[in-house]
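First to last, the protein sequences are chains A and B.
Residues 1 to 323 (my numbering) are what the first sequence spells out, left to right.
Residues 324 to 740 (my numbering) are what the second sequence spells out, left to right.
Glycine included, every Cβ here is placed at the ideal spot set by N, Cα and C.
Note that the coordinates shown come from a computational prediction; the quantities given were computed from them, not determined experimentally.
Presented below is the structure to which this report refers.
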Amino acid sequence: MVLPTYADPLERVWHYTYLVICGLVFLFLIAPILIVVPLSFNAEPYFTFTDKMLALDPAGWSMRWYDTLLTLGHPAPETVRDSSWWSAAWHRATWVQAAKNSFWVGLWATILATTLGTIAALGLSRPEMPYRRVIMALLISPMIVPIIIIAVGMSFFFAKACVAPDSAMGAIFGYFLSEKGCLANSHLGVIVAHAVLGIPFVIITVTATLSGFDQSLIRAAHSLGANPRTTFFKVIMPLILPGIISGALFAFVTSFDEVVAVLFIAGPDQQTIPRQMFNGIREAISPAILAVATILVVISVLLLTTVELLRRRSDRLRGVTGR
Amino acid sequence: MAEAATELLTTADGRPLKAALAAAQSRAKRRAFLLVLPLLLFVLLTFLVPIGYMLKRSVEHDGFSSSAPALDAWFTENPGFDPANPPEEAYAALVSDLARMQVEKTTGMAGTRINYTVPGTISLFKQGAREAKDLVAPFKESLLALDPEWGKPALWRGMSAASSPYTAEFYQVASDRKLTDDGWARGGDKDRIYLYLFFKTFLISGLITVICLLIAFPVSHLLATLPMAKSSLLMILVLLPFWTSLLVRTTSWIALLQEQGIVNDLLVGIGLISEDGRLTMMYNMTGTIVAMTHVLLPFMILPLYSVMRVIPPSYARAARSLGATSWTTFRRVYLPQTLPGIAAGSLLVFILAVGYYITPALVGGADGQLISNLISFHMSKSNWSLAAAIAGMLLVAILLLYWLYDRLIGIDRLKLG
């Protein structure tokens, strides 16, 4: 905003006050995220800057908390770091296991949410769709209903959602369920729960992309002899792909950051990064959490960049200029 | 003219045009619906059914009814009995059930169920069940001799209600009502736990919404009026917190606000406060409010921004040229045009704040807990039906707000980033 030439002195003072206020708000937004990065290199087990760190003394800085991420839960952390040490870290270290769990749960939840969500969004953006308002409200509600309610409901229901291990159903699904054949305490249960939480994001982003989609392109494809499958993959998909990808990224981040449902429905085998952090903050708070936080901040910067680039590409493709 | 109207328009193959059109339209409808169907089924099974199951649990508890069949049968036969003075047969049924509970080891379960409405009954039941096989007729006298508490009308009212597995009593308890000797009544001041916490949650959420609105307004305005290149850059500062893990943000607020944290160190360093006067900003309500404001701020900025961006600057200029002061221009011309954004952002922030769990759980300490944390507390204590009832009440509140959001703003206008 530029100050107009006719502004009187009071307005000038107010204008600069306003800029200072905005600056402070931006500081409030970003400072807590950036502060974890230097703090994670603390040589001492403190959550604040030590005098040595402030004096930029190299002795005050270290990578020890990043090292903890590999050695916590390692059977022989002090031995020489040869290939067997790394292999043990990969298979046994607590944080590495949590990261692997988070990644796989996030990946499958994203695939589930994105596939079902994109197909549904295609139906929802058709003008003929019946009961659109109600269905839309239902599909977005996992984002609105408090996560604790969803988690409580799922913890009741998933504990009862079991198949007998020796039945035909058990033979097919048993591998994905817990030892008792239930959704509770199983990877599948967590994946399903996270997929539900990711669906609203996919629906919102894909329907937003489809709202600028020219429906006559579909008719044009049909009139040129394309079957529905070809139409989808050759005409619709390339145009709405940016929307699908950003929806998928939202769904992945939602899963990767989700802790409440995991706390209520998961067992000891489904230790994820957020759960490990949650327990860490509640019990023995150590700067190792700050090291994880720093890694997560780097990941979120990368994701944000991807989504912004995609959004710009999508706007360009659809002929929308600017934001 | 009349003849032309009666003659039916037909398609090439001779079908009436109206019928052919209706068929084509219903086919298109069916196709659109079929695309949504898989997701609907998935959401039904994994979202609606669990929530329905939870609501069922909030009105169902068979801890007493399944372990006291004799008393259950007696209550069914004598629905209009006087709880102040139950007859000998009722006591006989009770004693036989107590003996049975001792054998089947269901005393704890039955006592817990009654304990929800009549506190202190678990130990009463345990003692009664231990002694039941040695009690002799008349059972009324012998049971009352064991403990006069057995004659309390409130206990008999509670057992009578618990003899059916379905009950609204958990909602009564969650509304701070108390089972007295004369039936359900409003509890005293020290019983106001749940409604008080609901009230507090709404108050805190309202406060957070107002803070978010106040600090989001100037920033959104700046973002909306700056040239696109600069505003895109600044927008990253808003979107990055949105994409960063909630736990990361909570962790960093702990690092910033705790007693040995950075903000306190800074204040001591510049001499604003003394070493002993370090502020307690974490593990209390202040911590909850600050951290939640930070987490929810982007949900206020984004809707405000998208409304402000399309407000033409010429309106403000026109108002100024007509002699309005800058304050009048803001109040009478600019502010009314931002109302849709204010409504959308405020409702969204409020809805999300009411159901918040993680941040209060981690930084709230004892007094910074909200209603979600109470649900979690009762879940951890295995008070499932009570937790479900509180969750049911929270759900109703949220759905009302959601309905309001849909009416005022429309959920299809919800945008991300």
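Through-space distance from E128 of chain A to L340 of chain B, alpha-carbon basis = As a first step, residue 340 of chain B must be located in the second sequence, where it is residue number 17. As a first step, residue 128 of chain A must be located in the first sequence, where it is residue number 128. Rounded to the nearest angstrom, the two C-alpha atoms are 19 Å apart.
First through last residue of the beta strand (DSSP E) which encompasses R736 of chain B | Here residue 736 of chain B refers to the residue found at position 413 when the second sequence is read from its first residue. Premise fails: R736 of chain B is in no beta strand (DSSP E) and is neither H nor E.
Per-residue burial, Q495 of chain B [other beta carbons within 10 Å of its own, 16 or more giving buried] | By 1-based counting over the second sequence, the position of residue 495 of chain B is 172. It is buried - the Cβ of Q495 of chain B has at least 16 other Cβ atoms within 10 Å.
For A291 of chain A, which residues from the same chain have a beta carbon less than 8 Å from its beta carbon, with the 5 sequence-adjacent residues on both sides left out?
-> One-based indexing of the first sequence puts residue 291 of chain A at position 291. Cβ neighbours of A291 of chain A beyond the five flanking positions: S40, W65, Y66, T68 and L69.
Closest to Q348 of chain B by CA distance: which of A:P130, A:G198 and A:V298 is it?
-> Along the second sequence, read from residue 1 onward, the residue named residue 348 of chain B stands at position 25. Among A:P130, A:G198 and A:V298, the Cα nearest to that of Q348 of chain B is on A:P130.
Nearest to G592 of chain B by alpha carbon, out of A:I33, A:L10, A:T50 and A:L19?
-> Along the second sequence, read from residue 1 onward, the residue named residue 592 of chain B stands at position 269. Answer by Cα proximity: A:T50.
Local Cβ density within 10 Å of P373 of chain B, reported as buried at 16 or more and exposed below that = Working through the second sequence from its first residue, we reach residue 373 of chain B at position 50. P373 of chain B comes out buried.
Using the C-alpha atoms, what's the distance from R380 of chain B back to A433 of chain B?
-> Taking the second sequence and counting its residues from 1, one reaches residue 433 of chain B at position 110. Taking the second sequence and counting its residues from 1, one reaches residue 380 of chain B at position 57. Cα to Cα, the separation comes out at about 16 Å.
Taking a Cβ distance cut-off of 9 Å, strictly less, list which residues of the region 715-730 of chain B are near chain A, in chain order.
-> G715, L717, L718, I721, L722, L724, Y725, W726, Y728 and D729
Residue from A:R275, A:Y6 and A:V202 whose Cα sits closest to the Cα of T114 of chain A = Here residue 114 of chain A is taken as the residue at index 114 of the first sequence, counted from 1. Residue A:V202 is the option with its Cα nearest to T114 of chain A.
Between the CA atoms of N607 of chain B and H617 of chain B - distance to the nearest angstrom | Within the second sequence, the letter at position 294 stands for residue 617 of chain B. Within the second sequence, the letter at position 284 stands for residue 607 of chain B. When rounded, the distance between both Cα atoms is 16 Å.
Reduced DSSP category for A508 of chain B - H, G, I as helix; E, B as strand; rest coil = For the purposes of this step, residue 508 of chain B is taken as residue 185 along the second sequence, with counting starting at 1. If DSSP states are grouped into helix, strand and coil, A508 of chain B belongs with the strands.
Starting from E383 of chain B, follow its DSSP beta bridges and name the residues at the other end.
-> Residue numbering aside, residue 383 of chain B sits at position 60 when the second sequence is read from its first letter. Its beta-bridge partners are B:Y489.
Contact set for G474 of chain B: own chain, Cβ-Cβ below 7 Å, skip 5 residues either direction | Numbered from its first residue, the second sequence carries residue 474 of chain B at position 151. So the qualifying residues of the chain are L467.
What residues of chain A sit near D385 of chain B, judged by a beta carbon separation below 7 Å?
-> One-based indexing of the second sequence puts residue 385 of chain B at position 62. Going along chain A, no residue has its Cβ under 7 Å from D385 of chain B, so there is no contact; the nearest lies around 14 Å.
Hey, is R316 of chain A's beta-carbon within less than 7 Å of any beta-carbon in chain B?
-> For the purposes of this step, residue 316 of chain A is identified with residue 316 of the first sequence, where counting begins at 1. No, its Cβ sits nowhere closer than 7 Å to a Cβ of chain B.
Opposite T114 of chain A in the DSSP bridges: which residues?
-> For the purposes of this step, residue 114 of chain A is taken as residue 114 along the first sequence, with counting starting at 1. Answer is none; T114 of chain A lacks a bridge partner.
Closer than 7 Å, CB to CB, is L241 of chain A near chain B or not?
-> Start at 1 with the first residue of the first sequence, and residue 241 of chain A comes out as number 241. Answer no: the Cβ-Cβ gap between L241 of chain A and chain B never drops below 7 Å.
Return the first residue and the last residue of the beta strand (DSSP E) that T503 of chain B is part of.
-> Counting from one through the second sequence, the residue named residue 503 of chain B turns up at place 180. Run containing T503 of chain B: R500 to T503, per the beta strand (DSSP E) assignment.
Is the beta carbon of I148 of chain A less than 7 Å from the beta carbon of S695 of chain B?
-> Here residue 148 of chain A is taken as the residue at index 148 of the first sequence, counted from 1. Here residue 695 of chain B is taken as the residue at index 372 of the second sequence, counted from 1. Yes. Within cutoff.
Presumed contact (8 Å Cβ cut-off) between P274 of chain A and V259 of chain A, rounded CB distance = Looking up residue 274 of chain A in the first sequence gives position 274. Looking up residue 259 of chain A in the first sequence gives position 259. At roughly 4 Å, the Cβ-Cβ gap stays under 8 Å, so P274 of chain A and V259 of chain A are in contact.
Enumerate in chain order the residues of its own chain whose CB-to-CB distance from P165 of chain A is below 6 Å, with the five nearest sequence positions on each side excluded.
-> If you number the first sequence from 1, residue 165 of chain A lands on position 165. Excluding sequence neighbours, P165 of chain A sits near G174 and G181.
Where the alpha helix (DSSP H) containing G668 of chain B begins and where it ends = Position 345 of the second sequence, counted from the start, is the residue given in the question as residue 668 of chain B. Per DSSP, G668 of chain B belongs to the alpha helix (DSSP H) from L658 to V677.
Could you please give the first and the last residue of the uninterrupted alpha helix (DSSP H) stretch that includes V202 of chain A?
-> In the first sequence, counting from the first residue as 1, residue 202 of chain A sits at position 202. From DSSP, the alpha helix (DSSP H) with V202 of chain A extends over H187 to S211.
Partners in chain A for D588 of chain B, counting only beta-carbon separations shorter than 9 Å | Indexing the second sequence from 1 puts residue 588 of chain B at position 265. Going along chain A in sequence order, the residues near D588 of chain B (Cβ under 9 Å) are T48 and F49.
Segment contact flag, the region 686-693 of chain B with the region 705-720 of chain B, C-beta cutoff 8 Å, min 3 pairs = no
CA-CA distance, Y638 of chain B and T548 of chain B?
-> Start at 1 with the first residue of the second sequence, and residue 638 of chain B comes out as number 315. Start at 1 with the first residue of the second sequence, and residue 548 of chain B comes out as number 225. If you take the alpha carbons of Y638 of chain B and T548 of chain B, they lie about 14 Å apart.
May I ask you to report which of helix, strand or coil DSSP gives T369 of chain B?
-> Here residue 369 of chain B refers to the residue found at position 46 when the second sequence is read from its first residue. Looking at T369 of chain B - three-state DSSP - the assignment turns out to be helix.
DSSP puts C162 of chain A in a beta bridge; with which residues?
-> Indexing the first sequence from 1 puts residue 162 of chain A at position 162. DSSP lists A:C182 as partners of C162 of chain A.
Tell me the start and end of each unbroken alpha helix (DSSP H) in the region 551-587 of chain B that is at least 4 residues and wholly inside, in chain order.
-> 551-566 and 569-580
Near-chain B residues of the region 117-134 of chain A (beta-carbon distance less than 7 Å), N- to C-terminal order | G117, I119, A120, L122, G123, L124, R126, E128, M129 and P130
Is F28 of chain A closer than 7 Å to Y376 of chain B when the C-beta atoms are compared?
-> Position 53 of the second sequence holds residue 376 of chain B. Position 28 of the first sequence holds residue 28 of chain A. No, these two residues do not count as a Cβ contact at 7 Å.
Close-in-space but distant-in-sequence residues of the same chain around V686 of chain B (CB under 7 Å, 5 per side omitted) = In the second sequence, the residue the question calls residue 686 of chain B occupies position 363. Counting only Cβ-Cβ distances below 7 Å, and skipping sequence neighbours, we find T573, W576, I577, M605, Y606, G610, T611 and A614.
In this structure, does DSSP put P339 of chain B in helix, strand or coil?
-> Residue numbering aside, residue 339 of chain B sits at position 16 when the second sequence is read from its first letter. Looking at P339 of chain B - three-state DSSP - the assignment turns out to be strand.
Are there 16 or more other CB atoms within 10 angstroms of the CB of F448 of chain B, so buried, or fewer, so exposed?
-> On the second sequence, residue 448 of chain B is found 125 positions in, with the first residue counted as 1. F448 of chain B comes out buried.
What residues are listed by DSSP as bridge partners for L333 of chain B?
-> Counted from its first residue, the second sequence places residue 333 of chain B at position 10. Per the sequence shown, the amino acid found at residue 333 of chain B is Thr instead of Leu. Per DSSP, B:P339.
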